[in-house]
Ligand code: RM4
Ligand code: MN
Ligand code: MN
């Protein structure tokens, strides 16, 4: 790597931050069962402790996303405890995720439920979540809906669209000026005939009508297999409607596999579209990079470190694309030349520069190694093993 490339890599490292999900540290599973990890976090405090450990070793995960039902058992009154954990473990609360899918009431939907009392309950829960975010000084309220139907003819799709439109507007009215409402889409699961917010277009329309502080959230696992996600990203950027990401990888569906484990080039291409937009527009895209993964086989903290370092590497590689040269190649229709600029950047090994950067920040050069030597895992395994055996925190 030459001096210019190292400089670009260092500049990319200075700006790149990624948020970890609290639910990634708790015991989770599949529809078929859970394999309990003795070291998994059993409380909100332990999730902060684990997230704090990842931030301590990588330096790039200063925030942790919270799920209201799982992390804020006393609603807005949990804010005091959360602030305490945040101070104690050195990570700030990040996006607040209302939970509109787990309670029995939501069997037939939340914002799309035919029963007005349940819609009201879902709205109140969202308003409470906005209040929690306000108290925690969290900017983003992240909305994911399990709403949909399983059989043709069983739901009035247009009526439900109207309910979503009206209710998201109402949520938007509850926001403080600095807050944002992120609207996530997903084409399938848990509903398998129709999902109320199935794709980015639906999310875009709903966000637009909700108000200027509502933006689209792209979860990389929430697409059909052949979909061109970076094109969606480019379109949302050009519409000023991209709010953030839930990063994960997938082979088949919403697999929530480790970022970059299946298709690292796709993540690279997504970052490339963002950095190209920033170069052309001369402004920083206002995007929340978040991870939405939970692993029941890999060690949770190791997996988080693996994800974060992979994201960092792919972001740096994307930062190596020479945008000026790319523009020239595109103008001349030099297809091989243009494509090679991306391929060469992707093939560049950025790891040694990342290690140097870590060293310059007083961070361990190899965070995974440092974690394995820290004794943290042995300590929490001892502390939590008994609790984990009887007390399985739920997710799936
Ligand atoms: C969904 C979606 C949401 C996440 C839930 C648990 O598939 O990705 O973001 O909160 O899972
Ligand atoms: Mn998600
Ligand atoms: Mn998902």
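Numbering (the working numbering), first residue to last: 15 to 410.
Every residue gets a Cβ at the ideal spot worked out from N, C-alpha and C, and that includes glycine.
8 Å Cβ cutoff met for residue i and residue j
i: residue 220; j: residue 299; result: no
i: residue 109; j: residue 160; result: no
i: residue 167; j: residue 209; result: no
i: residue 68; j: residue 246; result: no
i: residue 293; j: residue 337; result: yes
i: residue 273; j: residue 282; result: no
i: residue 103; j: residue 164; result: no
i: residue 355; j: residue 343; result: yes
i: residue 30; j: residue 329; result: yes
i: residue 181; j: residue 218; result: no
i: residue 144; j: residue 132; result: no
i: residue 55; j: residue 40; result: yes
i: residue 100; j: residue 367; result: no
Residue i - partner residues in DSSP beta bridges
i: residue 111; result: 81
i: residue 48; result: 43
i: residue 35; result: 79
i: residue 155; result: 110, 195
i: residue 258; result: 231, 302
i: residue 271; result: 263
i: residue 208; result: 163
i: residue 413; result: Past the edges of the chain, shown from 15 to 410, lies residue 413, and the structure says nothing about it.
First and last residue of the uninterrupted beta strand (DSSP E) at residue i
i: residue 303; result: 302-305
i: residue 233; result: 228-233
Nearest-angstrom Cα separation, counted from residue j out to residue i
i: residue 412; j: residue 200; result: The shown model of the chain, from 15 to 410, leaves out residue 412, and the question about it has no answer.
i: residue 232; j: residue 123; result: 21 Å
i: residue 238; j: residue 308; result: 20 Å
i: residue 296; j: residue 402; result: 50 Å
i: residue 377; j: residue 384; result: 10 Å
i: residue 177; j: residue 188; result: 17 Å
i: residue 301; j: residue 125; result: 26 Å
i: residue 313; j: residue 224; result: 40 Å
i: residue 286; j: residue 335; result: 8 Å
i: residue 195; j: residue 186; result: 7 Å
i: residue 120; j: residue 198; result: 18 Å
i: residue 249; j: residue 327; result: 25 Å
i: residue 369; j: residue 363; result: 12 Å
i: residue 374; j: residue 333; result: 20 Å
i: residue 407; j: residue 264; result: Below a pLDDT of 50, predicted positions are generally treated as unreliable, and residue 407, at 49, falls in that range; the measurement from the model is reported next regardless. Their backbone Cα atoms lie some 24 Å apart in a straight line.
i: residue 311; j: residue 346; result: 49 Å
i: residue 215; j: residue 277; result: 24 Å
i: residue 111; j: residue 305; result: 13 Å
i: residue 184; j: residue 90; result: 19 Å
i: residue 202; j: residue 236; result: 8 Å
i: residue 360; j: residue 284; result: 12 Å
i: residue 381; j: residue 70; result: 9 Å
i: residue 267; j: residue 303; result: 21 Å
i: residue 253; j: residue 244; result: 14 Å
i: residue 413; j: residue 230; result: There is simply no residue 413 to check, as the chain begins at 15 and stops at 410 in what is shown.
i: residue 146; j: residue 60; result: 20 Å
i: residue 395; j: residue 53; result: 4 Å
i: residue 129; j: residue 389; result: 52 Å
i: residue 288; j: residue 280; result: 13 Å
i: residue 135; j: residue 228; result: 21 Å
i: residue 358; j: residue 170; result: 50 Å
Span of the alpha helix (DSSP H), counted from its first residue to its last, around residue i
i: residue 317; result: 314-333
i: residue 404; result: 390-404
i: residue 367; result: 365-374
i: residue 60; result: 58-72
i: residue 251; result: 243-252
i: residue 95; result: 93-103
i: residue 294; result: 278-295
i: residue 12; result: The displayed coordinates of the chain run from 15 to 410. Any statement about residue 12 would go beyond what the structure contains.
i: residue 216; result: 214-224
i: residue 130; result: 130-150
i: residue 23; result: 17-29
i: residue 338; result: 337-345
i: residue 168; result: It is not in any alpha helix (DSSP H) - residue 168 carries neither H nor E in the DSSP assignment.
Chain C contact for residue i (CB, 8 Å cutoff)
i: residue 294; result: The structure shown has no chain C; it contains just one protein chain.
Next item on the list: Examine the Cβ distances between the region 25-39 and the region 54-72 and report whether three or more of them are shorter than 8 Å.
Entry: yes
Check: With contact counted as at least three CB pairs below 8 Å, one residue from each stretch, are the region 313-331 and the region 68-82 in contact?
Finding: yes
Notebook entry, point to check: Pairing CB atoms from the region 138-151 with CB atoms from the region 91-103, are three or more of them under 8 Å?
Noted result: yes
Notebook entry, point to check: Looking at C-beta atoms only, is the number of pairs between the region 75-91 and the region 134-144 that lie closer than 8 Å three or more?
Noted result: yes
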